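What follows is one structure encoded as structure tokens, with my remarks underneath.
Structure follows, in structure tokens:
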């Protein structure tokens, strides 16, 4: 009796697909793929990268990726073609979303390129550093986040004598220490004078630019008003920030930093293993494109 006959006639136990056999077939395919990638990385690159490849495979995204393949093969063996196609689609989906080169390519499409690697000839009247570069730890201590290069770049500009003042932006409806205050604390900790640091609120970039427009229209006493203004934010965020600044009639010289698209590396089989960092990077690039489409 063929497998297709089981739908109309009752199959004997010996003729029914074996879940156990199908499961072990799926596991064998998943393990074979993982082992092949680790050994390929070892022989093509080195043992160190092979160890990192193996680590990627046992982290949550790697496990989910392998599990999707195991489920696809097991269901295909059982004759559940539609279910197998669904799991295999998930396997391909994770492969693409968690792929480092794809994330880098997507980031390059939104990141603003640096136009000048040398110090500017004249100092700025102020440097605006957008919030989002600081996290507040469980015990209330501000620390640099993954976008912390914003604070570092701003501090470098101050200590290089390239700005007369600094404006930290950002507010939060849920954090006891808002981003602008956290930015001030960290800048003061690296010897930037507190009386040269100003704050401006905003829960998002649109609000930050609206509040900066009000700030510059009526600056506090002692704030330097003559001279050019610079804007510091992450490279992937700079194009949107400059667009929103222009919408509010604000003119800044952009100083992008914190680039996520990495330099071109030599090929390694490890890059076929998806990882959470690549997914996060791709997500930020997608977010910037969505914000552009909805004019936010």
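Residue numbers (this note's numbering): 59 to 354.
Where is the CB? At the ideal position from N, CA and C, for every residue including glycine.
The structure presented is a predicted model; accordingly, all values stated were derived computationally and were not measured.
- Under DSSP, the beta-bridge partners assigned to residue 182 are 221.
- Nearest in C-alpha terms to residue 316, of all of 202, 85, 98, is 202.
- In the same chain as residue 261, and ignoring 5 residues on each side of it, the C-beta atoms closer than 6 Å to its own belong to 229, in chain order.
- Its Cα nearest to that of residue 290, the residue 314 stands out among 274, 151, 314.
- Where residue 288 is concerned, the enclosing beta strand (DSSP E) starts and stops at 287 to 292.
- Residue 111 sits in a helix when the DSSP states are folded into three classes.
- Buried is the label assigned to residue 242, since at least 16 other Cβ atoms lie within 10 Å of its Cβ.
- The Cβ-Cβ distance between residue 186 and residue 297 does not fall below 9 Å.
- Residue environment for residue 207: buried (at least 16 other C-beta atoms within 10 angstroms of its C-beta).
- Note on geometry: alpha-carbon atoms of residue 150 and residue 332 lie some 10 Å from one another.
- Closest in alpha carbon position to residue 211, among 245, 198, 238, is 245.
- Residue burial annotation: residue 272 is exposed, with fewer than 16 other C-beta atoms found within 10 angstroms of its C-beta.
- The secondary-structure analysis by DSSP pairs residue 315 across a beta bridge with 292.
- Each residue's CA atom was taken as its position, placing residue 88 and residue 162 some 27 Å apart.
- DSSP, read as helix, strand or coil, puts residue 173 in coil.
- Inclusion of residue 86 and residue 96 in the CB contact set at 9 Å is not warranted, their separation being larger than that value.
- Closest option to residue 299, judged by alpha-carbon separation, among 117, 264, 250, 342: 264.
- Contact between residue 209 and residue 191 holds: their C-beta atoms lie close to 5 Å from each other, under 8 Å.
- Scanning 194, 216, 223 for the CA closest to the CA of residue 232 turns up 194.
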